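Residue numbers (my numbering): 226 to 378. All C-beta atoms, glycine included, are put in the ideal place defined by N, C-alpha and C. Only a predicted model underlies this, so the values are computations on that prediction, with no experimental measurement involved. Contents: one structure, followed by commentary.
Below you can see the structure in the form of structure tokens.
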């Protein structure tokens, strides 16, 4: 199984507490996800983020096909970082770390995703042709949305 990495760094014009409050709330994820992903939370306990929290989604990453995706919040250090991991979904492995670091001008936000695809050789071809570019587009969209919400004040 081939493991891939996607890193994204963005500076956010907000306090650490504002940043944390927004990004650690699963209900805000839809606001920064492209509509083309058909992202929908189907089950969430509406509690503040905690280790062990399970969140269920439906996503349409390709051809409008709705796929279930289940993630677990595995680690949380308030105002510092959290990690979500796929428990069921389109990836063979999905491990997403979200880091928040106060700076003089706001917050340095770093996303680090390690992922793997199923189907061996076919999965590697799919990553090259589709998945890598789709993830780039998702993070590019998030960058624009975060800029609009926080950095255009």
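Can you tell me which of the three DSSP states residue i falls into?
i: residue 270; result: coil
i: residue 276; result: coil
i: residue 329; result: coil
i: residue 228; result: strand
i: residue 344; result: coil
i: residue 324; result: strand
Once the 5 residues before and after residue i are set aside, which same chain residues still bring their CB inside 6 Å of it?
i: residue 268; result: 281
i: residue 338; result: 231 and 321
For residue i, is the classification buried or exposed, using 16 other Cβ atoms within 10 angstroms of its Cβ as the cut-off for buried?
i: residue 313; result: exposed
i: residue 350; result: exposed
i: residue 346; result: exposed
i: residue 334; result: buried
i: residue 300; result: exposed
i: residue 377; result: exposed
i: residue 293; result: exposed
i: residue 328; result: exposed
i: residue 286; result: buried
Are the CB atoms of residue i and residue j nearer to each other than 8 Å?
i: residue 238; j: residue 247; result: no
i: residue 371; j: residue 235; result: yes
i: residue 240; j: residue 336; result: no
Looking only at its own chain, which residues have a Cβ that is under 8 Å from the Cβ of residue i, when we skip the five neighbours before and after it?
i: residue 363; result: 258, 259 and 262
Excluding the 5 residues flanking residue i on each side, which residues of the same chain have their C-beta closer than 7 Å to its C-beta?
i: residue 249; result: 274 and 307
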